[in-house]
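The listed protein sequences correspond, in order, to chains Y and V. If you're matching positions, the first sequence starts at 1 in the numbering used here and goes up one per residue. If you're matching positions, the second sequence starts at 1001 in the numbering used here and goes up one per residue. Notes for the one structure printed next.
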Amino acid sequence: MAKHETPLIDQLSSGPWPSFVDDLKQEAESRAKNDKNVDFQIPQDCVDDLLGVLELSYKHGRTHWKHGGIVGVFGYGGGVIGRYCDQPEMFPGVAHFHTMRVSQPAGKFYTTKYLKDLCDLWEFRGSGITNMHGSTGDIIFIGTTTPQLEEIFYELTHTFNQDLGGSGSNLRTPSDCLGQARCEYACYDTQAICHELTNEYQDELHRPAFPYKFKFKFDGCPNCCVASIARSDMSFIGTWRDDIRIDQEAVQAYVGGEFPSNAGAHAGRDWGPFDIEKEVINLCPTGCMKYEDKKLMINTKECTRCMHCINVMPRALRPGNDKGCSILVGAKAPILDGAQMGSLLIPFIKVEEPYDEIKEVIESIWDWWMEEGKNRERLGELIKRQGFQRLLEETGIKAVPQHVQEPRTNPYIFWKEDEVPGGWERDVNEFRKYHLR
Amino acid sequence: MAFISSGYNPDKPMENRITDIGPRKYDEFYPAVIAKNKGKWLYHEILEPGVLVHVSETGDEVYTVRVGGCRLMSVTHIREICEIADKHCDGHIRFTTRNNIEFMVDSKDKLQPLKDDLSSRKFPGGSLKFPIGGTGAGITNIIHTQGWIHCHTPATDASGTVKATMDVLFSDFQDMRLPAHLRVSMACCLNMCGAVHCSDIAILGYHRKPPMLDHEYLDKMCEIPLAIAACPTAAVKPAKIELADGTKVNSVSVNKERCMFCGNCYTMCPSMPLADDVGDGIVLMVGGKVSNRISNPKFSKVVVAFIPNEQPRWPTMTATIKRIVEAYAKDANKYERLGEWAERIGWERFFEKCELEFTHHLIDDFRDPAYYTWRQTSNFKF
Ligand code: HEM
Ligand code: HEM
Ligand code: HEM
Ligand code: SF4
Ligand code: SF4
Ligand code: SF4
Ligand code: SF4
C-alpha cells in the first residue's frame, strides 16, 4: 500500500514512453518488501516520500526543496549537492536528500558486474534512485543523508576504485563521445584523452580553485555527439588536414542505389532515388565537390570538413589520415551576459599521448582566467570583457583569419604603443610649431 | 535501521582516505568485439529504427540496439537492464550522450531474441520499459534536468514535461520519417542545465514575477554584494529597510520594472524566492543545433513566450510542440535541420506555417546585440 495518495503524478503512468513514476513506485515497493533483508541506512520509505513531495509540487506548481545545501566529504570541496525538503515533517524520508556525483568511465561503457555492485551500495546507503546520467556526464546518486556521505565515499574508493565527480567552482567532470570505440568518423581517441586529462587534473576537479566552473568535452568529429561546442568551456573537436578518402566504387554503389544514403537514416519516408547532385554536391556549403564522368572529386583546399558528404555516404567517404583536433573556447549557458558557443582558438593540433601541447594550452588559459577572472565569471565572459586578442596573447597564439567569422565592422581599433612609430608621448608645443592655435 | 560502518573512522577522518583516483578506466568495460576493433571501424548502417550495425576492417560486426531511458531511474530498473545484458550481451552495456541505453551483440542471430525480449517488457501502467528507437532522422531522447524532483530553482518540472512530450512524439522515436534528426531538450529554469539553447526544439521553465524579499533574514542568509552582482539587468540594489517592529536591517530592493524574472538572484540568495503557481510556466525555443554539418552551429530562438504549467500532462505545450514538428516534417528538405528550414523560409513564414502567434516578447531587448536581431533590410515576405 502506497504511503501517500498521488492522483496527479499517477496520470504519468500511462502512455508508451517509460514512466519514471512507475519506476519510482517499483523502487518504493521493493524497499517496502525488502526481500534481500537489506539493513537500509536511510529511511526505508524515502522513495514513498519522494513521490509524496513530487505530488505536492504538482498540486502547488512549485518546488518543495529548500535553497542550496552545503555538504561534502573531507579533503574535497565538491562532488555532493546538498538538498533538504521544505516540508520535513510531512516527508521525513526526504528531510535530507543529497545528490552525489560519481565519476563515470569515458564513453559510458559498463559491465553489469560493476553496475550491480554499485546498485547494491546505493540501495543500502541511499535512496536507490539515480540519474543515468547527469548532463555533464556523472552517474548521479539522488538522495541520501549527511552521515552516509563519508561511508559511501569510503566504499567507493576502497571497494570500487572509484572517485566522485566535480561540482562547484572548479573543473567539472569531463566527458566525451564514444569515439573510436564504435564510430568510423573519430579523428582521435576521445576516451583516452578524456580519461588522461581527468586524471591529470584531479586536484583542480576536487578542490575548487577557480573563479567559476570549467568544463572539458571531447568530440571525435564535427558532428559533435557530446555537443562540446555548446556545453564546455574548452571544446575539443576532431578533424583532419589532408584529403577526404574517396572509394569511387562505393560512390557508384550509392549512385546505383545499392547502399542507402546516410546509412539508412531517412528510411522512414520515400524521398525518391538517391540523387548525388542534389543531396551531396549542391548541399556542400563551399561548393568544392564535383561529380563528372561517374567520378566524385573534392577540392580539399576549399573543404571546411563539415561532415555532410561523409555522413551521407559513409561507405564511400572517410576523413583523411592526417588527423588531430580543433580547440574552441568559451561556451556557456545564458547566465549572466548571454549564451555562448565555443569560439575557434586553435584550428589544428595533434592529439597524441602524453598530450603535452594540449596541456600547455589548457594551463595557459587557466593561468590567465584564475588571475583575471572575476568572481563567478565564466571563461567566455572574461574573453568578452578583456577581448579575444588578450586570449591570444596569454596563450601565445598568432592571430589568423580562421579566428573570425568576419573582421570587425567598427573602426574602434586599439593599437599598442610600441606598434606605432614614435610612441604616444608627444609634446603639444612641438605640434603648435606647425599648427597655430 | 542500525548504523553500519563501511570501515570509515569518523574520529580519524584523514586516515586511510583515498583521493584523486578519478573514474574507472573505460577499457575495463569494453565488450570483446569493441576492444578488438577500436579505431578500425569502416562503416555503419542503420538497419531499422533503433538498430545499428558497425563493420570493422577485420570483418567483425557489432550490432547495437538503442532503447529509450528515462534517465531518472531506480536500482531495480538498472538491475533489469543488467539482467538483459547478462542474458544477451555477455554482461556489457553502455549509455549514450542523450541518456539512451545501448545493448551490443557481435552477431546478427543474437539480434532478434534481444529485440523481442526488450519489446516485451512493460511497467504496470502499460508504458514500455525499453522502447527501441532513437536513431536516424527521427526524435530521440529529451535531454533534461532535475525539476521538482530535486532542485530549488525550477519554474516547472523536468521528468513530467518530458514524459508528457515523449508520449506525444513517441511515434517519431520509433520512426525515421523526418527531414533530419530533431533534438528536443528541456531545462526547468534558465540556468539551462540541459541543452535548450542549442536544440531543434527546447522547453524552458520560466518565471514571470519578481522575487519576494525576506528582509528579516536577507542580511543573515546572503552576501548582499553577490546578489547585486547576480542580476543581468542591474535590478537589485542595496537598501536599508525598517521592519514592522521598527528594527532597521540591511537588505536589497528590486526595481520591478527592470527585473525579467531570471531567478539568478535567488540562486545566490535564499531570501529572494520567486516561484509562483500561476506566474511560472514554459517558454518554447526552436532552431538550434550543435553539429557543423552544412551550416554552423546555431542557438535556439524563443518562439513561444509563455505556456502555463498544466501538470501533470502539459497539454497546451505538447500540442504546440507537435504542431511545430508536423509543420517542419511537411515542409523542410531532406537533410535540413529545423533551424536551417526556418532561416531559409524566413521567420515570418515559420510563424505562419506553425500557426504560432508572434508577440512583442519575442523581440530581443537585451543590451547591444539586440539590434542585430532586428531586420535591417527591406527583404521580407508578406
Ligand atoms: C541550483 C541548483 C542546481 C542544481 C540542482 C543543478 C543540477 C545539475 C545537475 C545534476 C547537473 C548534471 C551534473 C553532472 O552530470 O555532473 C547540472 C549540470 C549543469 N548545470 Fe546545474 N544545477 C544547479 C544550478 C546551476 C546553475 C546556477 C547553473 C548556471 C548558472 C547551472 C548550469 C548547469 C549547466 C550548464 C550544466 C550542464 C553542464 C554540461 O552539460 O556539461 N546549474 N546541473
Ligand atoms: C549531423 C550529424 C550528427 C549529429 C548532430 C549528431 C548528434 C548526435 C546526438 C544528439 C547523439 C545522441 C543520440 C542519442 O543518445 O539518442 C549522438 C550520438 C551518437 N552519434 Fe551522432 N550525430 C550526427 C551524426 C553522426 C553520425 C553520422 C554518426 C556515425 C558515424 C554518429 C555517431 C554517433 C554515435 C556513435 C553516438 C553515440 C555517442 C555517445 O553516446 O557517446 N553521429 N549524435
Ligand atoms: C549550459 C549548459 C548546457 C548543458 C548542461 C547542456 C547539455 C546538453 C546535453 C546533455 C545535450 C545532449 C547531448 C547529446 O545529445 O549528445 C545537449 C545537446 C545540445 N546542446 Fe547543450 N547544454 C548546455 C548548453 C548548451 C549551449 C550553450 C548550447 C548552444 C549554444 C547548447 C546546444 C545544444 C544543442 C544544439 C544540442 C543538441 C545537439 C544536436 O543534436 O544537434 N547546449 N546539451
Ligand atoms: S562526434 Fe563524430 S566521432 Fe564522435 S560519435 Fe559523433 S560522429 Fe562519431
Ligand atoms: S565535408 Fe562538407 S565542405 Fe567538405 S566536401 Fe564534404 S560537404 Fe563539402
Ligand atoms: S535547469 Fe535550473 S531548475 Fe533545472 S536543475 Fe538546472 S538549476 Fe535546477
Ligand atoms: S530575478 Fe533576475 S532580473 Fe530579477 S532581480 Fe533577480 S537577478 Fe535580477
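Heads up, the beta-carbon is just placed ideally off N, CA and C, and yes, glycines get one too. This one's a predicted model, so the numbers in the text were calculated from it and none came from an experiment.
Using 7 Å as the cut-off, classify the Cβ of V:CYS1269 as near or not near the heavy atoms of ligand 5, replying yes or no. Not under cutoff, so the answer is no.
Presumed contact (8 Å Cβ cut-off) between Y:ILE383 and Y:ILE349, rounded CB distance: In fact, because the Cβ distance is near 19 Å, the residues do not count as touching under 8 Å.
Pick from Y:GLY330, Y:GLY324, Y:LYS359 and Y:VAL251: whose alpha carbon is nearest that of Y:PRO347? Y:PRO347 has its Cα closest to that of Y:GLY324, out of Y:GLY330, Y:GLY324, Y:LYS359 and Y:VAL251.
Please confirm whether Y:GLN104 has its beta-carbon closer than 8 Å to some beta-carbon of chain V. Between Y:GLN104 and chain V, the shortest Cβ-Cβ separation is below 8 Å.
Listed from N- to C-terminal order along the chain, which residues in the stretch 2 to 33 of chain Y have their beta-carbon within a distance smaller than 7 Å of any beta-carbon of chain V? Taking 7 Å as the Cβ-Cβ cut-off against chain V, the residues of the stretch 2 to 33 of chain Y that qualify are LEU8, ILE9, GLN11, LEU12, SER13, SER14, GLY15, PRO16, TRP17, PRO18, SER19, PHE20, ASP22, ASP23, LEU24, GLN26, GLU27 and SER30.
Y:THR286: CB within 7 Å of a non-hydrogen atom of ligand 5: For ligand 5, at least one heavy atom lies less than 7 Å from the Cβ of Y:THR286.
Apart from the five residues on each side of it in sequence, which residues of its chain come closer than 8 Å, Cβ to Cβ, to V:ASP1277? Once the five neighbours on either side are set aside, the close Cβ partners of V:ASP1277 are ASN1309.
Is there contact here, the stretch 1093 to 1111 of chain V with the stretch 1078 to 1085 of chain V, by at least three beta-carbon pairs under 8 Å? Contact between the stretch 1093 to 1111 of chain V and the stretch 1078 to 1085 of chain V is present, because at least three Cβ pairs lie under 8 Å.
Check whether the Cβ of V:LEU1226 sits closer than 7 Å to any heavy atom of ligand 7, and report yes or no. Checking every heavy atom of ligand 7 against the Cβ of V:LEU1226, none is found closer than 7 Å.
Count the CB pairs spanning the stretch 86 to 105 of chain Y and the stretch 229 to 242 of chain Y that are closer than 8 Å, and state whether there are at least three. Counting C-beta pairs with one atom in each stretch, the stretch 86 to 105 of chain Y and the stretch 229 to 242 of chain Y have fewer than three that are closer than 8 Å, which means they do not touch.
Would you list the residues whose beta-carbon is nearer than 5 Å to any heavy atom of ligand 4, in the order they occur in the chain? Checking every Cβ against the heavy atoms of ligand 4 under 5 Å gives Y:CYS177, Y:CYS183, Y:TYR185, Y:ALA186, Y:ASP219, Y:GLY220, Y:CYS221, Y:ASN223 and Y:CYS225.
Y:TYR439 versus Y:ARG437, Y:LYS215, Y:TRP65 and Y:GLY422, residue with shortest Cα-Cα distance: Residue 439 of chain Y lies beyond the stretch modelled for chain Y, which goes from 1 to 437, so this question has no answer here.
First and last residue of the alpha helix (DSSP H) that includes V:LYS1036? Element bounds for V:LYS1036: 1032 to 1037.
Compile a chain-ordered list of the residues in the stretch 1301 to 1331 of chain V whose CB is closer than 7 Å to at least one CB of chain Y. Answer set for the stretch 1301 to 1331 of chain V: ASN1309, GLN1311, PRO1312 and ARG1313.
Could you tell me whether the stretch 1229 to 1237 of chain V touches the stretch 1184 to 1203 of chain V, where touching means 3 or more Cβ pairs closer than 8 Å? These segments do not touch.
Could you spell out the range, first to last residue, of the alpha helix (DSSP H) harbouring V:TRP1341? That run of the alpha helix (DSSP H) goes 1338 to 1345.
Under 8 Å Cβ-Cβ, which residues of chain V neighbour Y:GLU363? When 8 Å is used as the limit between beta carbons, Y:GLU363 is near no residue of chain V, the shortest such separation being about 18 Å.
Residue ranges of each beta strand (DSSP E) within the stretch 1100 to 1131 of chain V, 3 or longer: Restricting attention to beta strand (DSSP E) runs no shorter than 3 residues, the stretch 1100 to 1131 of chain V encloses them at 1101 to 1105, ordered along the chain.
Specify the secondary structure class of Y:TYR58 as computed by DSSP and reduced to three states. Of the three classes helix, strand and coil, the one that applies to Y:TYR58 here is helix, per DSSP.
Tell me the rounded alpha-carbon separation between Y:LEU54 and V:MET1260. Those two C-alpha atoms are separated by around 27 Å.
Quick check on the DSSP output: the alpha helix (DSSP H) that includes V:GLU1045 runs from which residue to which? For V:GLU1045, no alpha helix (DSSP H) encloses it; the enclosing beta strand (DSSP E) starts and ends at 1041 to 1048.
Which first and last residues belong to the beta strand (DSSP E) in which V:LYS1237 is found? Its beta strand (DSSP E) spans residues 1236 to 1242.
Segment contact flag, the stretch 149 to 159 of chain Y with the stretch 1002 to 1016 of chain V, C-beta cutoff 8 Å, min 3 pairs: Yes, they touch.
8 Å is my cut-off, CB to CB: does V:ARG1079 come that close to chain Y? Flagged as an interface residue toward chain Y: V:ARG1079, by a C-beta distance shorter than 8 Å.
Which residues in chain Y have a C-beta closer than 8 Å to the C-beta of V:ASN1264? List them in chain order. Here the neighbours are ILE335 and LEU336.
Give a yes or no on whether 8 Å exceeds the smallest Cβ distance from V:SER1074 to chain Y. Taking Cβ atoms only, chain Y reaches closer than 8 Å to V:SER1074, which makes this a yes.
Confirm, please, whether the CB-CB distance from Y:SER57 to V:ASP1331 is below 8 Å. The answer is no: Cβ separation not under 8 Å.
Shorter than 8 Å from the beta carbon of V:VAL1252 to some beta carbon of chain Y? Any Cβ of chain Y closer than 8 Å to the Cβ of V:VAL1252 would place that residue at the interface, and such an atom is absent.
How would the residue list near ligand 6 read, in chain order, if you kept each one whose beta-carbon is closer than 5 Å to any heavy atom? Every residue with a CB closer than 5 Å to a heavy atom of ligand 6 is listed here in chain order: V:THR1145, V:GLN1146, V:CYS1151, V:THR1153, V:PRO1154, V:ALA1187, V:CYS1188, V:CYS1189, V:ASN1191 and V:CYS1193.
Could you name each continuous beta strand (DSSP E) segment of 3 residues or more that falls completely within the stretch 154 to 233 of chain Y, going from the start of the chain to the end? Listed in chain order, the complete beta strand (DSSP E) runs (minimum 3 residues) inside the stretch 154 to 233 of chain Y are 216 to 219.
For Y:ARG315 and Y:PHE259, which I take to be in contact (beta-carbon distance under 8 Å), what is that distance rounded to the nearest angstrom? Beta-carbon to beta-carbon, Y:ARG315 and Y:PHE259 are separated by about 5 Å, close enough to satisfy the 8 Å threshold.
Do the stretch 164 to 175 of chain Y and the stretch 192 to 207 of chain Y touch if we need at least three Cβ pairs shorter than 8 Å? Because the criterion of three Cβ pairs below 8 Å is met, the stretch 164 to 175 of chain Y and the stretch 192 to 207 of chain Y touch.
Inter-residue spacing [alpha-carbon to alpha-carbon] between Y:ARG182 and V:ASP1060: Taking the straight line from one Cα to the other gives about 12 Å.
Roughly how many angstroms separate the alpha carbons of V:LYS1209 and V:ALA1227, rounded to a whole number? Cα-Cα distance, rounded: 17 Å.
Stretch-stretch touch, CB-based, cutoff 8 Å, three pairs: the stretch 1354 to 1367 of chain V with the stretch 279 to 299 of chain Y: Between the stretch 1354 to 1367 of chain V and the stretch 279 to 299 of chain Y, the count of Cβ pairs shorter than 8 Å is below three; the stretches do not touch.
Applying a beta-carbon distance threshold of less than 7 Å, which residues of chain Y neighbour V:TYR1026? Simply PRO105, ALA106, GLY107, PHE109, GLN191 and HIS195.
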